[in-house]
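Asks: Residue 105 is where the sequence shown starts when you use the working numbering, and the numbers rise one by one after that.
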Amino acid sequence: MKKTCCLSVLILFAIVCHSQVLFGIFAGPQVTTAKYSIADTKQPTENKYGFHLGACLKVPFDNRLYFCPAIFYSLKGYKVTFNQYAFPPDTLATNNNTSIHTLELAALLQFDFSNKPNHLFVKAGPSLDFQLAGTEKYELKAGGTVDHDMPYGFPYYGHYSANLILQLGYETKNGFVIFGQFADGLTNINNADFGPEIRHRVFSISIGKYFHHKS
Numbered sequence: 105m106k107k108t109c110c111l112s113v114l115i116l117f118a119i120v121c122h123s124q125v126l127f128g129i130f131a132g133p134q135v136t137t138a139k140y141s142i143a144d145t146k147q148p149t150e151n152k153y154g155f156h157l158g159a160c161l162k163v164p165f166d167n168r169l170y171f172c173p174a175i176f177y178s179l180k181g182y183k184v185t186f187n188q189y190a191f192p193p194d195t196l197a198t199n200n201n202t203s204i205h206t207l208e209l210a211a212l213l214q215f216d217f218s219n220k221p222n223h224l225f226v227k228a229g230p231s232l233d234f235q236l237a238g239t240e241k242y243e244l245k246a247g248g249t250v251d252h253d254m255p256y257g258f259p260y261y262g263h264y265s266a267n268l269i270l271q272l273g274y275e276t277k278n279g280f281v282i283f284g285q286f287a288d289g290l291t292n293i294n295n296a297d298f299g300p301e302i303r304h305r306v307f308s309i310s311i312g313k314y315f316h317h318k319s
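Here is the structure:
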């Protein structure tokens with residue numbers, strides 16, 4: 105994973121050094137949850153609150169179309185109540201409350217609705233996130249609570265997942281941006297055979313700033 109992250113940073117740096125691009129930073133709050141099902145039966149979930157921060161590029165592609173790669177930290181998680189046995193976390197668990205630290209790499213295309221300095225835009229594309237670490241807390245049917253680090257690898261949780269991102273926002277002539285984002289998980293973060301289906305779902309608001317670069 106470290107090699108992948110370093111390679112991504114080097115690629116972004118190379119693009120900045122050899123292209124007329126905008127470099128930006130962004131951050132904001134988010135509401136996170138999961139699409140959670142056991143044996144095709146949906147489990148009731150609750151939202152959690154997190155945040156994200158990162159960096160991005162805006163690379164001219166064609167007219168008002170841009171390539172906008174991004175790398176960012178995202179605090180995700182979910183609360184779920186079980187009406188069936190679930191492993192992970194534990195076949196005796198009645199619920200689960202997780203907090204997950206992720207590093208996300210996104211390859212987005214941006215379309216500006218106008219050539220004017222102040223304009224609306226839409227972005228969309230896939231992302232790959234790395235589950236760096238996480239904690240989970242759940243109650244047992246027989247009583248008592250378990251609070252520990254999330255175990256990764258087979259047959260527990262996976263370190264990687266893919267998402268589809270959609271953004272709608274506004275950019276000003278001074279380079280300030282504000283946008284809303286919806287990210288829908290495409291892959292299961294559970295590694296256990298016959299275990300639950302867990303897919304991230306995130307709603308967020310970001311405020312950011314582009315900085316001009318002269319090649």
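The beta carbon of each residue, even a glycine, is placed where N, CA and C say it ideally should be. Keep in mind the model is a prediction, meaning the values are calculated, not measured.
1. Taking just the CA atoms, how far does LEU169 sit from PRO300?
2. Starting from ILE129, trace the beta strand (DSSP E) in both directions and tell me its first and last residue.
3. Under a Cβ-count criterion, where at least 16 other Cβ atoms within 10 Å of its own Cβ denotes burial, should PRO221 be classed as buried or exposed?
4. Would PHE225 and PHE234 qualify as a contact pair, given that the criterion is a beta-carbon distance under 8 Å?
5. Write down the C-beta distance between GLY128 and TYR314 rounded to the nearest angstrom, noting that I regard them as a contact closer than 8 Å.
6. When you compare only the Cα positions, how much space is there between HIS317 and PHE217?
7. Nearest by alpha-carbon distance to GLY279: which of ASN292, LYS139, TYR260 and LYS162 is it?
8. Would you list the residues sitting across from HIS263 in a DSSP beta bridge?
9. Report the rounded CA-to-CA distance for ILE282 versus PRO133, giving the unit in angstroms.
10. Does the beta-carbon of PHE298 have 16 or more other beta-carbons within 10 angstroms, so that it is buried, or is it exposed?
11. Look at PHE307 and VAL135 and say whether their C-beta atoms are less than 8 Å apart.
12. Spell out the partners DSSP gives GLY241 in its beta bridges.
13. With a CB to CB cut of under 8 Å and the five nearest residues on each side skipped, what residues in its chain are close to PRO148?
14. In this structure, does DSSP put TYR189 in helix, strand or coil?
15. Quick check on the DSSP output: the beta strand (DSSP E) that includes PRO148 runs from which residue to which?
16. Since I believe ASN199 is in contact with TYR261 (beta carbons under 8 Å), could you give me their beta-carbon distance rounded to a whole number of angstroms?
17. Leaving out five residues on either side along the sequence, give the residues of the same chain with a beta carbon under 8 Å from the beta carbon of HIS223.
Replies: Here's the rundown:
1. The C-alpha of PRO300 lies about 39 Å from the C-alpha of LEU169.
2. Segment 126-142, the beta strand (DSSP E) holding ILE129.
3. exposed
4. No, the Cβ-Cβ distance between PHE225 and PHE234 is not below 8 Å.
5. 4 Å
6. Bear in mind that the predicted position of HIS317 carries a pLDDT of just 49, short of 50, making it too unreliable to give a figure here.
7. LYS162
8. Paired residues: none, contrary to the question.
9. 12 Å
10. exposed
11. In terms of Cβ geometry, PHE307 and VAL135 form a close pair [threshold 8 Å].
12. Rather than Gly, the amino acid found at residue 241 in this sequence is Lys. As computed with DSSP, LYS241 is found in a beta bridge with ASN201 and ASP251.
13. VAL184, THR185 and ASN187
14. It is coil, neither helix nor strand.
15. In this chain, PRO148 is not harboured by any beta strand (DSSP E), its DSSP state being neither H nor E.
16. About 17 Å; that fails the 8 Å criterion.
17. Only ASP216, PHE217, TYR274 and GLU275 meet the Cβ criterion.
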